[in-house]
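I have placed the structure first, in the form of structure tokens, so that the comments after it can refer back to it.
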Amino acid sequence: MILSISGVGKRFGGLKALDNVNLNVKKGSVHAIIGPNGAGKSTLLNCLVGRIVPDQGTVGFDGYSLLGRQPHEINQAGIARVFQTPEIFGELTVMQNVMIPAFARKDGAFRINVWKRATDRKAVREEAEHILEDLNLSDKRDQVVNSMSRGDKRRLELAMCLVQHPKLLLLDEPTAGMSRADTNNTVELLKKIAERGITKVIIEHDMHVVFSLADTVSVMAQGTVIAEGPPEAIKSDPKVQEAYLGGAHL
Ligand SMILES: Nc1ncnc2c1ncn2[C@@H]1O[C@H](COP(=O)(O)OP(=O)(O)O)[C@@H](O)[C@H]1O
Ligand SMILES: [Mg+2]
Numbered sequence: 135m136i137l138s139i140s141g142v143g144k145r146f147g148g149l150k151a152l153d154n155v156n157l158n159v160k161k162g163s164v165h166a167i168i169g170p171n172g173a174g175k176s177t178l179l180n181c182l183v184g185r186i187v188p189d190q191g192t193v194g195f196d197g198y199s200l201l202g203r204q205p206h207e208i209n210q211a212g213i214a215r216v217f218q219t220p221e222i223f224g225e226l227t228v229m230q231n232v233m234i235p236a237f238a239r240k241d242g243a244f245r246i247n248v249w250k251r252a253t254d255r256k257a258v259r260e261e262a263e264h265i266l267e268d269l270n271l272s273d274k275r276d277q278v279v280n281s282m283s284r285g286d287k288r289r290l291e292l293a294m295c296l297v298q299h300p301k302l303l304l305l306d307e308p309t310a311g312m313s314r315a316d317t318n319n320t321v322e323l324l325k326k327i328a329e330r331g332i333t334k335v336i337i338e339h340d341m342h343v344v345f346s347l348a349d350t351v352s353v354m355a356q357g358t359v360i361a362e363g364p365p366e367a368i369k370s371d372p373k374v375q376e377a378y379l380g381g382a383h384l
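Numbering (our numbering), first residue to last: 135 to 384.
Here is the structure:
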């Protein structure tokens, strides 16, 4: 297991957003977390990246405890996250955006060394070009990001994660707000980057995406995991169908 979440709880005032969450992610797998709105999915992800500190429980990543770590320490330990709304630099070009985390990785978080040796710069740049190619962004490399579509921005954000060489990639609704065509495109890209062997945890509301990507699905409802298994078993689980009644549909 690359990620082990055990007994995690988090309250917001009187509300139990997370209640004894147990979840293990196998190295190299794509693990989806689904569940109705308000189930606690984003809160759980925020616990993994250090934005929220759980009240109870433990989170272990690759032999290292994540509890009490700052977001940048967690990032340096090998966890990258694609946010629900893209966090990118709108006034810069696609290439400039990708070069920022690429250099940060080499020099430590956000300490960018402009005097870096030319050969190093060249290697980093070549890798960035390669990743942009993989994500179909090569022809937009010199475009200013603000002028691009939402789908392009999300792909850029993914590229910014990949240049960091994460061991674990967390994706919170990567297809939110996308057209069907862009969604299908993203699924294909995620499959392509699966070949890099990066473990992925993906929160997703689009069942088409979940069932075409995930090896394992965990279903959350009311702050806890109510079912877990391969996609086919999850689809026919009566507990899961019940959790979705009145809300989203499987
Ligand atoms: N910072 C916060 N303060 C208070 N309540 C919150 C906060 N973040 C989330 N919640 C509440 O916790 C519950 C779980 O939210 P969330 O993790 O965003 O669910 P999901 O991502 O599954 O839709 C919801 O009832 C939400 O309103
Ligand atoms: Mg959410």
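Ideal Cβ placement from N, Cα and C applies to all residues, glycine included.
Counted within 10 angstroms of its Cβ, other Cβ atoms place residue i as buried (16 or more) or exposed
| i | result |
| --- | --- |
| LEU149 | exposed |
| THR320 | buried |
| ARG314 | exposed |
| PRO235 | buried |
| ARG203 | buried |
| ARG245 | Reliability of the predicted coordinates at ARG245 is poor, the pLDDT of 47 falling under 50, and no value is obtained from them. |
| ILE368 | buried |
| PRO372 | exposed |
| ARG215 | buried |
| GLY184 | buried |
| HIS206 | exposed |
| GLY162 | exposed |
Sheet register partners of residue i (DSSP bridge)
| i | result |
| --- | --- |
| ARG145 | LYS150 |
| SER283 | None; SER283 has no bridge partner. |
| PHE386 | Residue coverage of the chain in this structure runs from 135 to 384, which leaves residue 386 outside it and unanswerable. |
| HIS264 | Partner(s): none; HIS264 has no beta bridge. |
| VAL159 | LEU137 |
Presumed contact (8 angstroms Cβ cut-off) between residue i and residue j, rounded CB distance
| i | j | result |
| --- | --- | --- |
| GLY169 | VAL353 | 6 angstroms |
| ILE136 | ASP196 | 6 angstroms |
| LEU182 | ILE337 | Between ILE337 and LEU182 the Cβ distance is about 11 angstroms, and since that is not below 8 angstroms, they are no contact. |
For residue i, three-class secondary structure by DSSP
| i | result |
| --- | --- |
| SER352 | strand |
| ALA310 | coil |
| ASN171 | coil |
| GLN204 | coil |
| GLN230 | helix |
| LEU305 | strand |
| VAL187 | coil |
| ARG245 | Only weak support is given to the placement of ARG245: the predicted model assigns it a pLDDT of 47, under 50, and the value that follows is read from those uncertain coordinates. Note: ARG245 maps to coil in three-state DSSP. |
Every unbroken beta strand (DSSP E) within the region 324-353, with a cutoff of 3 residues, ordered by chain: 333-337
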